[in-house]
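Line by line, the protein sequences give chains Y and F.
Note that the numbering used here numbers the first sequence so that position 101 is 101, with each residue one more than the last.
Note that the numbering used here numbers the second sequence so that position 454 is 454, with each residue one more than the last.
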Amino acid sequence: MNSLILRTTTGFLLSLLVLFSVYLMLRGHNAPGGGFIGGLTATAALTLYAFAFDVATVRKMLRIDPLSVAGLGLVLALVSGLPGMLGGDAFLTSRWAVLALPGGTEIHLGTPLLFDFGVYLVVIGVGCAVLLTMAEERGE
Amino acid sequence: MVLAVIAPALHRVAPEHTGRVLALAVAALFSVFALTPHEAAPLVYAWAPSLDLHVSLLFDGLGKLMALIVSGIGSLILLYANGYLHGDARLPRLYATLLAFMGAMLGVVLGGNLLFIFVCWELTSVTSFILIGFDHERPAARAAALQALLVTGAGGLCLLAGVILLGQAAGSYELGALASAPGLREHGLYVPALLLILAGAFTKSAQVPFHFWLPGAMEAPTPISAYLHSATMVKAGVVLLARLNPALGGTELWFGMLCGFGGATMLLGNLGSLLLTDLKRVLAYSTVGMLGTLVLLIGIGTQAALAACVTMLLAHALYKGALFMVAGGVDHAVHTRDTTRLSGLGRAMPITWAAASMAALSCMGVLPLLGFIAKEKSYVAALGAPEFALWIVAASLVASAAAFAMAAIVGVRPFMGRPMEQGAHAHEGSFDLWLGPMLLGVCSLWLGATAGWPMAELLEAAAGSIYGSEFEVALKLWAGTEGVYGQALLLSGATVAIGAFLFALRAPLRSLAGGLSFATALAPQRVYQLLYDGSLGVAAQITRRVQNGLLNSYVRTVVLTLVGISLWSLWRQPHLVVSFSVGEIRTYEIGIVALILVSCLVAVRSESRMAAIVALGVAGLGVTLVFALFSGPDLAMTQIMVETLTVLLFVLVFYHLPQYARLSSSFERVRDLVVSLIFGGLMTLLVLAASTDILDAPLSEFYAQNSLIKGHGRNVVNVILVDFRALDTLGEITVLAAAAIGVVAMLRLKPAHKEGA
């Protein structure tokens with residue numbers, strides 16, 4: 001597609017959408033959102049970019065193959081299950097640490113967050129792999 | 001097993017001596033076994049206790065005897081392989097597989113738990129497959145390997161079924177518990193369990209009618225044939241029967257089956273061996289015969305028979321291993337294994353000759369070798385059989401006579417007479433090649449001349465562990481001429497006479513009986529081939545029917561299966577209440593439902609694909625609205641994203657599709673309509689059933705209450721996904737990633753396919 005307006009806006013939209021998807025993922029534990037929704041949002045954003053420019057640009061921007069992103073996500077999700085197991089509990093038992101920041105804010109960090117990040121990456125990787133490959137097919 | 005892993009690495013360091021070093025290591029293992037006193041109580045390590053699966057090692061008399069055979073001959077074989085396949089690039093692989101096999105075989109003979117024995121049993125089948133197919137570039141070797149794997153594998157499955165039935169009947173898989181289980185022989189499952197186990201043992205130990213795979217397995221290099229297919233693996237079936245004798249033996253069925261099949265195998269194997277000319281095949285058939293003898297002896301089951309069985313087991317391992325290695329050495333020296341052409345090698349290969357003579361004499365059962373004692377014992381056993389003694393004695397006489405002639409053909413004839421033409425190049429192999437057969441031959445002689453010292457006590461213990469309790473086994477070189485011993489001696493004399501007669505007549509016998517008896521001997525082979533081709537054909541048919549490449553039929557199959565299963569489980573719900581109690585209906589709800597319905601109709605009726613896709617999208621967004629309104633924000637968001645991406649996908653695929661056209665007949669359209677309506681109806685039913693209370697209410701309450709406390713999160717849906725049920729999610733994302741790999745692979749492969757077409 002060759003639309004100047006779409007191209008210009010997509011440049012801004014992409015960063016906003018990806019940022020939003022990360023936000024969705026992070027807040028998922030306490031409010032609507034999560035890795036799955038975040039991942040889908042990011043995939044949609046990247047697909048939009050692919051429509052505005054072309055698939056090659058998106059691939060160049062991603063730097064790594066989408067399937068590798070999915071693989072990385074799977075590894076992260078697996079790793080997040082290990083601390084619980086090392087502690088003598090069942091695989092994937094959650095572990096939490098509370099970080100107290102100056103100013104009275106507390107941040108709860110736990111293995112489920114890592115797990116959710118893994119889900120996020122898998123969804124992006126799978127979505128992009130399928131959509132981008134199909135879009136390439138169409139181009140030929 | 002550990003050695004199997006380091007063998008290839010070792011080979012890189014010292015290619016010349018790998019076999020020797022490994023042989024020494026295994027010999028060390030042998031001495032450890034030899035020095036450890038045997039005991040009846042098993043060592044138990046829990047592996048999967050919930051399945052009653054323990055690694056229990058039973059180092060009793062039989063276990064020790066077999067462990068000594070496996071490790072002792074194993075170490076000689078490793079040495080032999082070093083010389084036989086000298087400089088072959090595949091040698092490290094051979095060592096690794098041989099050692100892996102050795103580990104598995106030790107597991108079989110020392111295992112005290114039937115399930116553990118089964119696991120090792122299958123491992124020996126697999127390693128045997130790799131070893132027979134060692135020359136995997138030759139089709140004959142591949143076919144033989146596959147045949148061996150299929151026959152023993154099928155037997156293995158029978159064995160597993162039998163073992164499980166037996167475990168059900170006795171309540172344990174431990175051999176000790178089985179032997180003392182009361183009323184096992186009267187149990188209803190006894191007969192099926194016994195028959196299945198026998199099927200497993202008979203295939204493994206090459207009993208008629210499953211014997212055909214063993215001669216085929218001679219495609220393997222000689223070290224492998226010598227080790228797996230004469231001394232050790234094929235004995236696994238015999239060992240299993242021996243192990244189960246205290247638990248299952250002593251019934252009419254046991255006696256009949258073992259004596260019948262064992263006797264038939266004994267006759268067929270020994271007589272068949274006379275009709276062949278290939279050294280290794282001759283030996284293979286004679287091994288089949290010997291395995292039959294062992295099964296027969298276990299079947300007879302008297303003290304005398306079991307004593308004969310263990311003596312025979314040891315004697316056979318010693319002489320047959322030696323004869324195989326001799327055959328390999330001869331083949332190595334003059335490049336032929338044809339017994340009609342081999343002659344006069346004695347002068348060129350004196351050491352091999354000596355080894356061969358000792359082994360052959362033991363096989364003939366000549367005084368004063370171990371084979372003689374074994375044969376005497378088996379005659380005594382046959383004379384003392386509780387039933388059909390006359391028949392068994394006659395069969396044993398014929399078989400032993402044939403074995404006598406066979407040994408003469410294999411172990412004596414090639415070394416006597418005029419030197420053959422190729423004999424000029426004949427030379428003694430390296431030290432690696434003759435040490436093995438020589439040592440085994442000397443053992444045969446030594447154990448015979450000293451009447452079993454220092455093994456006599458062990459043999460007694462081994463026979464005791466087969467029988468179930470200790471008894472005295474008198475190993476004597478000269479048992480006297482009184483009573484049964486005298487008769488046995490008489491029979492031995494007859495054996496020698498008939499054997500010499502058979503040997504003299506071997507050529508006419510071959511031409512006379514060759515065509516006739518081979519047709520019968522090969523019949524099971526033909527049945528196997530028929531079954532093999534048949535099953536491949538059926539598989540192809542099924543694939544054509546099921547994988548017909550029509551997406552439509554796949555979807556229909558999946559949907560109908562789902563409907564069937566769901567309805568079945570709903571039907572079985574005892575308190576299924578479906579109520580249509582609907583609360584207050586608001587105007588906008590009617591609007592949304594109408595929107596969804598209309599867009600569905602448009603999607604179905606539309607003549608344009610694009611319109612159908614958009615209409616589907618609208619229906620999906622309508623569902624999203626429902627989620628959003630009924631406080632499911634997570635679902636609504638997910639649904640929006642999924643709908644968006646689905647429409648995108650459709651648009652992308654759209655370009656690949658041909659022009660819209662009506663292809664299906666009206667019958668197919670009606671059928672699809674019916675399937676769709678059924679599916680829709682089922683989903684409605686499920687939703688209604690779910691909204692009434694068949695689901696466990698406390699479960700959702702548990703999640704709601706514990707989400708913040710245990711999961712540190714206020715979003716219950718998310719906490720369930722990433723914490724409480726994280727393993728499910730992990731499975732889902734794994735499937736997702738695998739599916740993506742599949743899609744990408746399919747899409748990328750297509751252009752290549754186009755080019756090819």
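Positions of the beta carbon are idealized from the N, C-alpha and C atoms, including for glycine.
About 6 Å separates the Cβ atoms of F:Gly-299 and F:Gly-262, confirming a contact at the 8 Å cut-off. No Cβ of chain Y is located within less than 7 Å of the beta carbon of F:Ala-738. Look at F:Ala-615 here: in three-state DSSP terms it is helix. Closer than 8 Å at the C-beta level to chain Y, one finds these residues of the segment 637-653 of chain F: Met-637, Thr-638, Met-641, Val-642, Thr-644, Leu-645, Leu-648, Leu-649, Leu-652, Val-653. Annotation for F:Asp-60: no alpha helix (DSSP H) segment contains it, and DSSP assigns it neither H nor E.
Note on F:Asn-548: under 16 other CB atoms within 10 angstroms of its CB, so exposed under the neighbour-count rule. Taking each of F:Leu-458, F:Gly-417, F:Ala-217, F:Ala-247 in turn and checking the Cα distance to F:Leu-184, the smallest one comes out for F:Ala-247. Here the alpha carbon of F:Gly-171 sits roughly 50 Å from the alpha carbon of F:Gly-83.
Between the alpha carbons of F:Met-290 and Y:Leu-74 lies a gap of roughly 56 Å.
Three or more beta-carbon pairs separated by less than 8 Å link the segment 668-681 of chain F to the segment 551-567 of chain F, which places the two stretches in contact. F:Phe-630: not part of any alpha helix (DSSP H); DSSP gives it neither H nor E. Inter-residue distance for F:Ala-355 and F:Arg-544 is about 58 Å (C-alpha atoms, whole angstroms). For the pair F:Tyr-379 and F:Ala-488, the CB atoms are nearer than the 7 Å cut-off.
Three or more beta-carbon pairs separated by less than 8 Å are not found between the segment 523-543 of chain F and the segment 402-417 of chain F, which leaves the two stretches without contact. In the DSSP assignment, the residues bridged to F:Gly-111 are F:Leu-57. Within the segment 141-185 of chain F, the complete alpha helix (DSSP H) runs of at least 4 residues fall at 175-179. Look at Y:Gly-110 here: in three-state DSSP terms it is strand. Rounded to the nearest angstrom, the gap between the Cα atoms of F:Phe-324 and F:His-229 is 10 Å.
Each of F:Thr-232, F:Leu-458, F:Leu-367 was checked against the Cα of F:Leu-62, and the nearest Cα belongs to F:Leu-458. The criterion of a C-beta distance shorter than 7 Å is satisfied by F:Leu-159 and F:Gly-200. Close to chain Y, meaning a Cβ-Cβ distance shorter than 7 Å, are the following residues of the segment 623-637 of chain F: Pro-633, Asp-634, Met-637. Apart from the 5 residues on each side of it in sequence, F:Ile-498 sits with its Cβ closer than 6 Å to the Cβ of Ala-401 in its chain, given in chain order.
Taking a cut-off of 8 Å for Cβ pairs, the segment 277-286 of chain F and the segment 367-375 of chain F do not touch, as fewer than three such pairs fall below it. For Y:Gly-38, the closest of Y:Leu-132, Y:Ala-135, Y:Val-130, Y:Gly-118 by C-alpha to C-alpha distance is Y:Gly-118. Interface criterion not met: the Cβ of F:Ala-385 is under 7 Å from no Cβ in chain Y.
Legend: CB atoms of the segment 720-748 of chain F lying less than 8 Å from CB atoms of chain Y belong to residues Leu-721, Val-722, Asp-723, Ala-726, Leu-727, Thr-729, Leu-730, Ile-733, Thr-734, Leu-736, Ala-737, Ala-739, Ala-740, Ile-741, Val-743, Val-744, Leu-747, Arg-748.
Counting only residues of its own chain and dropping the five nearest sequence neighbours on each side, F:Ala-177 has a CB closer than 8 Å to the CB of Ala-170, Gly-171. For F:Gln-303, the enclosing alpha helix (DSSP H) stretches over residues 303-334. Shown in chain order are the members of the segment 52-86 of chain Y whose Cβ falls below 9 Å from a Cβ of chain F: Pro-66, Leu-67, Ala-70, Gly-71, Gly-73, Leu-74, Ala-77, Leu-78, Ser-80, Gly-81. Inclusion of F:Ala-144 and F:Ile-132 in the CB contact set at 7 Å is warranted, their separation being smaller than that value. The beta-carbon of F:Arg-714 is placed less than 7 Å from the nearest beta-carbon of chain Y. Going by DSSP, F:Asp-432 is part of the alpha helix (DSSP H) stretching over 431-449. Taking a cut-off of 8 Å for Cβ pairs, the segment 125-138 of chain Y and the segment 20-37 of chain Y do not touch, as fewer than three such pairs fall below it. The bridge partners DSSP lists for F:Asp-88 come to none. If you ignore the 5 residues before and after F:Thr-152, its C-beta comes within less than 6 Å of the C-beta of Ser-125, Thr-203, Lys-204, all in its own chain and listed in chain order. Between Y:Ala-42 and Y:Ser-15, the gap from beta carbon to beta carbon reaches 7 Å or more.
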